[in-house]
Each structure stands twice: as C-alpha cells, then as structure tokens.
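Undergrad:
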C-alpha cells in the first residue's frame, strides 16, 4: 500500500505542556484512518501539525518529521499550497459570513483559479458533499442561514473545491443530529476513492462504522494502531480495551 | 417571617432610587443644554443666516464661511488620518498582536489620546505653521486635527476588527488563504461598518474643537471662501469663541444661534454614527 | 531529528513573497509612524521651549506669571495651582457621580432604557467645549456670582462644575466597561447563593472591577486637566494662587491658549508657553500610563 503521510517521532509541546510524545505512524493512501481517544490525547494537535495550522500558535515547539509525498510538512515554505492540498473540517461548522457560492469559491479564488472554472467547481464540490440538491436554487443567499448539518457539509464542499489530496476532520459531527451525521459518514465513504481521510472522533462507534484502520491515542502517545475490526474486538493494549469499554473517557 | 430578609431588599430599593437620582443629575444637564440653546437660538436661524457671510465685524450677517470652513477642516482631517489609522489598527490586530513593537504602538496611541488639545495646537503651530512654513492654513489645521484624531481611528478600527470572531480567520487560513487575503476578504468586509462609525465619531469631534485650530488655521474674520489649502478659514467653534469673548455688542440671540448651528452639526453627525452602530448590532448574523 | 521552532513570520510570508511582504511592510510602517508622532510631539515641545527650563525666569515653583513685566516672571506653580484647584474640585464631583451613574445604567436599569441613556451620555461627551464655555459664561457664571455673592462668577468652582460634567461621560462609559468585563460566572455565583442584586454589586462586582474603575477615574481626571476652551472662558483670568475655589484662577491650558497669539517665535514668552506644553504633556503621560497599568492589571489578574 502506498503511504500518503509518514510521521516519525513527532513531539509537540506548548510551553510546559506536552501535547504529543514521540508519535510515529503512517497513513495509507485512500484509506479512512480513524483516531479515537479522550479529550487531552493530542488528536487535534496532530491534525493542526499536518496542515501547519499550528503555526498560528506561537508557543508551539515541534520536533520530528512529517512527510507527505515529497513534501516535508514541517519545513516547507509553501504552507499556503500545503493547506490547499490538506483540507480541514473543524468540529463546529464555520461557514464564512458570505453567500453559499462565495463560501465554496473561496479557496480556489484565493488560489488564483480562473473565474470560468469557479462555477463548475462550486457545483462539483456541492454534489460531492451531498449538499447540491438542498441549496442549488439559493446559492447566493447567506451561508450562515443554513442549519448546522448543512453548514458542516458546506465546509466539506468548501474544502473539496480545492481538490485536496488529504482531508482532515476534527470531530465533525459532534454538534450534529444523527441524520446529518450519517449523511456525512456516507459522504466520507464515497470520498475516500479520491483522497486520503483522517477522521478524529470522540465517538468510538463512529470510527467503528467508518474507518478502515483506527488509532487510539492517550495523553499524547499513540497507544495502538490496527485494522478497525481488530482494534475493537481484540485490542492488543489494555488501555485501548478500557477506553472502548467506556471505563474512562 | 424574617425581618432580616426584608432588609437587603429594602436596601436595594433605596440604593436603586438613590443611584437613579444621581443618574438623573448626570443626564439632565444635557437635555437642559440642548433645550436652552435651541430655544434661545432658533429664532435667528434662517436660510439667510446659514448661507451668507458675516458683516460688520461679525455683528451681522450669517455664518456661511464658518460652516464651510468647519466642513473643509473635518474632511481634511479624515483624509490624513484614516489611511494611517486603519493601517495601524490592521497591523496591531491582524499581524502582530503580541509583539513588543505592537505594545509600544499601543502605548503610543494611548498617550496620543490623552494629550490635551491645546498641546496639539502648540505642536501644530511649531511644526506645521512655523517650521514647515505652511503658515496658518487649511493644510496646517487639517494635519493638526488629523494627528488628534489618529488615536480615535486606531482604537475604533481595532475594536471593529477584533469583533470579527477568530474562527472565521482560522477557516480562511485552513483553506490556504494568506494573511492579507484573510484580512481583505473576510475581516475587513465584516468590520467596515464599525470602522465607519469610528470615522464619523472622529469627524464630530474634529468639528467641535477650538484649541487645535486656534493658531494653525482659524481666522477671526474672513468673509470670503478659501481659494487654496494655504488659506485660512473661519470655523464654527472659533467663531463662537470670538463672538463670546472678543467682540462686544453682539446680540445674545445671535451667539445662541451660532452655538445652535455648531451643536446641530456636531450632534447630528454623532447621531448618524450611533444609528449606524445600532444597525450593525441588529443585523449581525453571527 | 532537528528541533523545529516554527517562527510565524519566517514561514508565512514566504509563499507570496512580494505582495505579502510589501503589504505587511506598509502596515508596519504605518504603525511605527504612531510611535514616531508621539516622539515627535515631545521632541518639538522640548525644542521650542528652548533652554527655558534652565533659565531663572521659568521656574516650576514660581508664584508669579507675569509675561509682560521686565524681567518677565514665568512661575509655573501659580498656573499649576490653578489647574489643580479646578481639576481636584471637578474630580470630586465627577468621579462619584459618574461611578454611581455607571452602576445604575449598567446594572440596575431595565434593558430598554439602557440604550437611550447611553446615547444621552454620548451626546454629553460630544458637546463641544466651546459651547459649554459659552453657556458657562452666559448662564452659570452670573448665577454663581449672585448665589455666593462674589465679585465675579468666573471662578475655579464654576469651571470645575462645567468640567465635571464634561468628564462624566468618560468616567461613566469606562466604569461601565469595567463592570461589564467582570465574568458572568462571578455574578451568577453570587446570585445563586441568594444575594440580592445590590449585594452582588457591592460585594462582588465593585471589588472585582476596582482596577478598571480606578483607571476610569484617572482617565476622567486626565480629561479635566487637558481641557482648554471651557476653562479659558469661565475660570477667570487671574494668575494668582487662589485662597479658595470661589476665586478666579488661571490654568496651564488656558494660559497657553490665551497667550500664544501674543508671542513672537523664539522669544522668552514663546519658549515659556512651550515649556508649559512640556509640563502638560508629562502630566497627562503619567496619568495615562498609570491608568493603562491598572487596566492591564485587571486583565492579568483575571487570567
């Protein structure tokens, strides 16, 4: 299997707090990798390293190496093009304060895409995200008026408009109802054919439903990484077992 | 049931009443001032008053040149101060909120804001009028007023920028937009009304100030309109000051009328700013 | 494995080197201009005051300000005393009233009246000082003269009254800000324990907001000291150390405004007036820096 992302001995700390300790893992192309673990396990930090959003936190100190294809993620100067090829969906839907169309266009437009391209790109992305049917007749209305589930799918469409190689999702369904959640999970299943997906989730069941392999992180460490079925039915580490059984979390 | 339980409630009632009384004392003079000036000055104000020049050494005629002068000064002040002020605020909020340079700039703004207006007048006199040889002129006056208004613009723009939630910036950056693109396409369009409010407030302040223009531009009696930026102008605040203290035998109602004109202008502009601000709050979708 | 401490500006400005760098440079330039301006003001004031601070005629403790006598006397103390008399009296009125009004408007008034009152307070702030000076001359001064049976109504007290109301909006709005920034958790906590609103205000809100309120008071005082036109028009014009506040005085600000027109660039009087400017600048600098410390102290304590 081709490895899309290779992380070696990654450590991240904010001031005195150690968020990630000596973490190594690789993500395979076109897989959905689930990451589960309690709140302070460092899952979100890991994502922000992958698209260099961690740059916005000046106190962060990072060591180790992360490579994506032939890009050295931690030292590349082209962070804007990195962020375009690594899309990110946040936990709470953040539709930009503009129209639906402008939201989806935003990424490509800032990247300098030709105007003619934009219209088709918008439609393609909304279809891929499963939102086209609901909004195709009101593309020029404010995006913030959409429901939570619709806004989150809009955020997915927005990221897809940049045709990313990797899609990072940080607990994307945490604020959503079950129907929206399952729609997004279906979408992820279809998207994996075109890109690699990392899904951080607070809900182990979601990982069980959607991910091919799942990683369990605890206190900044990678405890275990295995095929989803194996991890959930026969975890190698006791801590994994206890987390899945709900003994802590 | 319990005498002790009654006491705090009564205490609160008495406190509320007392504080309400004090608030009335604070607030009623405003209404009195507006009322008195209006009642005593309105009789003199007519179309003639507002559109003709003063004659007979300010004793007769209208205040047209003073109105025009005030408007010119105010526009000039905005032209000089807004670009610098907005740019500074953008730098402070979006680019380096925590650096040492930013703290220095913030301190500088704070102190600029506290400098008495007469010291600005002094500075304007020394630098613009004399050292740079602009003479008492629109140029010198507007530059002085602009300097005075700079802190107001910076502070209100910074506040408007900060009111845009961080999550929008994050979302934009995560989509590969650069810092400037984020500022220009996400932050600024959503703070423009707040910025405008600050500018309008600066306008109203600049229009009412006397000390900074006393020696840098204001003319005592200049019935014609200015021809260039090196000319002096009359201005309403200066006019009111002159006819109150320098020129005897001007009818009291005329003086009230000038005060009323100035009040109309200044408070009118202020009211515009306040209503824009209220509209922003009402229409905010996030 | 190298330790990579990511520096924001090094990586962020690399991608679109030219346009991003230019934009950031322009913005930084504008910001530094502000520092430049304030330094400029101080520099110029000092320069134009010439050596007056080192001469015998310009003294901080001098009791006489007689610019036209031969040799002239430029005693700053008499003017400082005038400024102090007016400022202290005005502050004694404005600070308590302003704080009380802020508590009432911010905490006790029903929401629908709050906006209206805040607008009125803003209007008060917007009234030009020359208008207030004018009304003071025409209405207040004669009234004070009659009521207190004085030789003239143009006194430190009259000026203090006007200035107090001019400073109140600053004190009211900054105090309101200070009260509002007390976290809801503290308020709700007190109320949940059964305290009345007033008890919550006096026992939780005010003590917590004390630094912010202090800063508000200081900035109000700073506003009073720096006021020129209203003072010029009502405080009388007697450069004598007052024995009470019911007498005419001269303040630092009024002196500059009144006498600037009569001087010639470079002569002693001119330099002396710039010297006064330096004194004023330093006073307001101190007040503002102190107030800023208090506002910041409040924020660091909260975090």
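Residue numbers (our numbering), protein chains in the order written: chain A, 1 to 249; chain B, 1 to 286; chain C, 1 to 303. Yeah, the Cβ is synthetic: ideal placement off N, Cα and C, and Gly gets one too. Predicted, not measured: the structure shown is a model, and the values here were computed from it.
1. Pick out whichever of C/129, C/211, C/182, C/255 has its Cα sitting closest to the Cα of residue 119 of chain B.
2. What does DSSP give as the partner residue(s) for residue 18 of chain A in the beta ladder?
3. Could you check what DSSP says for residue 64 of chain C in three-state terms: helix, strand or coil?
4. Over the uninterrupted beta strand (DSSP E) stretch that includes residue 115 of chain B, give me the two end residues.
5. Looking at the structure shown, is residue 220 of chain B part of a helix, part of a strand, or coil, going by DSSP?
6. Taking only beta-carbon atoms, is residue 59 of chain C less than 8 Å away from chain B?
7. Could you tell me the distance, in whole angstroms, from the CA atom of residue 201 of chain B to the CA atom of residue 269 of chain B?
8. Among residues of its own chain, excluding the 5 on either side of residue 65 of chain B, which ones have a beta-carbon nearer than 8 Å to its beta-carbon?
9. Any beta-carbon of chain B closer than 8 Å to the one on residue 148 of chain A?
10. May I have the straight-line CA-CA distance separating residue 19 of chain C from residue 55 of chain A, to the nearest angstrom?
11. Determine the extent of the alpha helix (DSSP H) in which residue 213 of chain A is found, giving its start and end residues.
12. By Cβ distance, which residues of its chain are closer than 8 Å to residue 238 of chain C, with the 5 residues on each side in sequence left out?
13. May I have the straight-line CA-CA distance separating residue 7 of chain A from residue 218 of chain A, to the nearest angstrom?
14. Does the beta-carbon distance from residue 103 of chain C to residue 201 of chain C come in below 8 Å?
15. Go to residue 276 of chain B, then tell me how far its alpha helix (DSSP H) extends in each direction, as first and last residue.
16. Can you pull the chain B neighbours of residue 210 of chain C, defined as C-beta to C-beta under 9 Å?
17. How would you call residue 16 of chain A, buried or exposed, if buried means at least 16 neighbouring beta carbons within 10 angstroms?
18. Determine whether the Cβ of residue 270 of chain B lies closer than 8 Å to any Cβ atom of chain C.
19. According to the Cβ coordinates, are residue 190 of chain C and residue 203 of chain C closer than 8 Å?
20. What does the alpha-carbon distance come out to for the pair residue 11 of chain C and residue 28 of chain C?
21. In chain order, what residues of the same chain have a beta carbon less than 7 Å from the beta carbon of residue 13 of chain C, not counting five sequence neighbours either side?
22. Residue 142 of chain C CB to nearest chain B CB: under 8 Å?
23. Going by DSSP, what residue range makes up the alpha helix (DSSP H) through residue 139 of chain B?
24. Which ranges does the beta strand (DSSP E) cover as unbroken runs of at least 3 residues, wholly within the region 34-115 of chain B, from first to last along the chain?
25. When we look at the beta-carbon of residue 30 of chain B and count the other beta-carbons within 10 Å, is it buried (16 or more) or exposed?
26. Does residue 64 of chain B get closer than 8 Å to chain A when you measure Cβ to Cβ?
27. Within 8 Å (strictly less), CB to CB, does residue 274 of chain B reach chain F?
28. How many Å lie between residue 264 of chain B and residue 45 of chain B at the Cα?
29. How about residue 80 of chain B and residue 97 of chain A: are their beta carbons less than 8 Å apart?
30. For residue 214 of chain C versus residue 294 of chain C, is the C-beta distance shorter than 8 Å?
31. Going along the chain, which residues of its own chain have a beta-carbon closer than 7 Å to the beta-carbon of residue 95 of chain C, five neighbours each way excluded?
32. Please report the distance separating the alpha-carbon of residue 26 of chain B from that of residue 168 of chain C.
33. Could you have a look at residue 247 of chain C and say whether DSSP puts it in helix, strand or coil?
34. If we cut at 8 Å on Cβ distances, does residue 53 of chain A have a partner in chain B?
35. Give the straight-line distance between the Cα atoms of residue 152 of chain A and residue 183 of chain A, rounded to the nearest whole angstrom.
36. Does residue 11 of chain C get closer than 8 Å to chain B when you measure Cβ to Cβ?
TA: In terms of the structure at hand:
1. Mapped onto the second chain, residue 119 of chain B falls at position 119. Its Cα nearest to that of residue 119 of chain B, the residue C/255 stands out among C/129, C/211, C/182, C/255.
2. Residue numbering aside, residue 18 of chain A sits at position 18 when the first chain is read from its first letter. As DSSP reads the structure, residue 18 of chain A sits in a beta bridge with A/13.
3. Position 64 of the third chain, counted from the first residue, corresponds to residue 64 of chain C. Residue 64 of chain C falls in the coil class under three-state DSSP.
4. Here residue 115 of chain B refers to the residue found at position 115 when the second chain is read from its first residue. Neither: residue 115 of chain B is in no beta strand (DSSP E) and is coded neither H nor E.
5. Within the second chain, the letter at position 220 stands for residue 220 of chain B. Annotated three-state conformation of residue 220 of chain B is coil, per DSSP.
6. For the purposes of this step, residue 59 of chain C is taken as the residue at position 59 of the third chain. No, because no Cβ of chain B sits closer than 8 Å to the Cβ of residue 59 of chain C.
7. The residue labelled residue 201 of chain B in the question sits at position 201 within the second chain. The residue labelled residue 269 of chain B in the question sits at position 269 within the second chain. Taking the straight line joining both Cα atoms gives about 7 Å.
8. Working through the second chain from its first residue, we reach residue 65 of chain B at position 65. For residue 65 of chain B, where only same-chain residues beyond five positions count, the Cβ hits under 8 Å are 53, 54, 222, 223, 224, 225, 233, 234.
9. Here residue 148 of chain A refers to the residue found at position 148 when the first chain is read from its first residue. No, residue 148 of chain A does not count as interfacial toward chain B.
10. Here residue 19 of chain C refers to the residue found at position 19 when the third chain is read from its first residue. Here residue 55 of chain A refers to the residue found at position 55 when the first chain is read from its first residue. Using only the alpha carbons, I get a separation of about 20 Å.
11. Your numbering for residue 213 of chain A matches position 213 in the first chain. No alpha helix (DSSP H) contains residue 213 of chain A, which is instead part of the beta strand (DSSP E) from 213-218.
12. Mapped onto the third chain, residue 238 of chain C falls at position 238. Within the same chain, residue 238 of chain C has close Cβ partners 247, 248, 249, 250.
13. In the first chain, counting from the first residue as 1, residue 7 of chain A sits at position 7. In the first chain, counting from the first residue as 1, residue 218 of chain A sits at position 218. For residue 7 of chain A and residue 218 of chain A, the distance between alpha carbons rounds to 17 Å.
14. By 1-based counting over the third chain, the position of residue 103 of chain C is 103. By 1-based counting over the third chain, the position of residue 201 of chain C is 201. Yes, Cβ-Cβ distance for residue 103 of chain C and residue 201 of chain C is below 8 Å.
15. By 1-based counting over the second chain, the position of residue 276 of chain B is 276. Under the DSSP assignment, residue 276 of chain B falls in the alpha helix (DSSP H) whose first and last residues are 252-283.
16. Here residue 210 of chain C is taken as the residue at index 210 of the third chain, counted from 1. Those within 9 Å of residue 210 of chain C in chain B number zero; the least Cβ separation is about 18 Å.
17. Position 16 of the first chain, counted from the first residue, corresponds to residue 16 of chain A. Exposed, because fewer than 16 other Cβ atoms sit within 10 Å of the Cβ of residue 16 of chain A.
18. Counting from 1 along the second chain, the entry for residue 270 of chain B is found at position 270. So yes, residue 270 of chain B belongs to the interface.
19. Reading the third chain from its first residue, position 190 is the one you call residue 190 of chain C. Reading the third chain from its first residue, position 203 is the one you call residue 203 of chain C. Contact flag set, yes.
20. Locating residue 11 of chain C in the third chain gives position 11, where the first residue counts as 1. Locating residue 28 of chain C in the third chain gives position 28, where the first residue counts as 1. With a pLDDT of 37 at residue 11 of chain C, under the threshold of 50, the predicted position of this residue should be treated as unreliable, and no value is reported.
21. As a position in the third chain, residue 13 of chain C is number 13, starting the count at 1. Residue placement at residue 13 of chain C cannot be trusted, given a pLDDT of 35 that sits under 50; the coordinates are not used to answer.
22. Position 142 of the third chain holds residue 142 of chain C. The beta carbon of residue 142 of chain C sits no closer than 8 Å to any beta carbon of chain B.
23. Within the second chain, numbered from 1, the residue matching residue 139 of chain B stands at position 139. Residue 139 of chain B -> alpha helix (DSSP H) spans 138-162.
24. none
25. As a working note, residue 30 of chain B is residue 30 in the second chain. The residue in question, residue 30 of chain B, is buried, as its Cβ has 16 or more Cβ neighbours within 10 Å.
26. Indexing the second chain from 1 puts residue 64 of chain B at position 64. Output row for residue 64 of chain B: interface = no.
27. Protein chains A, B and C are contained in the structure displayed, whereas chain F is not.
28. Reading the second chain from its first residue, position 264 is the one you call residue 264 of chain B. Reading the second chain from its first residue, position 45 is the one you call residue 45 of chain B. Distance from the CA atom of residue 264 of chain B to the CA atom of residue 45 of chain B, rounded to whole angstroms, is 12 Å.
29. Sequence index remark: in the second chain, residue 80 of chain B carries index 80 (1-based). Sequence index remark: in the first chain, residue 97 of chain A carries index 97 (1-based). For residue 80 of chain B and residue 97 of chain A, no; Cβs fall outside 8 Å.
30. For the purposes of this step, residue 214 of chain C is taken as the residue at position 214 of the third chain. For the purposes of this step, residue 294 of chain C is taken as the residue at position 294 of the third chain. Going by C-beta atoms, residue 214 of chain C is nearer than 8 Å to residue 294 of chain C.
31. Numbered from its first residue, the third chain carries residue 95 of chain C at position 95. Only 171, 217, 220 meet the Cβ criterion.
32. Residue 26 of chain B sits at position 26 when you count from the first residue of the second chain. Residue 168 of chain C sits at position 168 when you count from the first residue of the third chain. Distance from the CA of residue 26 of chain B to the CA of residue 168 of chain C, rounded to the nearest whole angstrom, comes to 8 Å.
33. Indexing the third chain from 1 puts residue 247 of chain C at position 247. In the structure shown, the three-state DSSP call for residue 247 of chain C is coil.
34. As a position in the first chain, residue 53 of chain A is number 53, starting the count at 1. Yes, its Cβ sits closer than 8 Å to a Cβ of chain B.
35. Walking along the first chain from the start, residue 152 of chain A turns up at place 152. Walking along the first chain from the start, residue 183 of chain A turns up at place 183. Between residue 152 of chain A and residue 183 of chain A, the C-alpha separation is close to 11 Å.
36. Counting from 1 along the third chain, the entry for residue 11 of chain C is found at position 11. With a pLDDT of 37 at residue 11 of chain C, under the threshold of 50, the modelled position of that residue is not reliable, and the figure given next carries that caveat. Closer than 8 Å: no.
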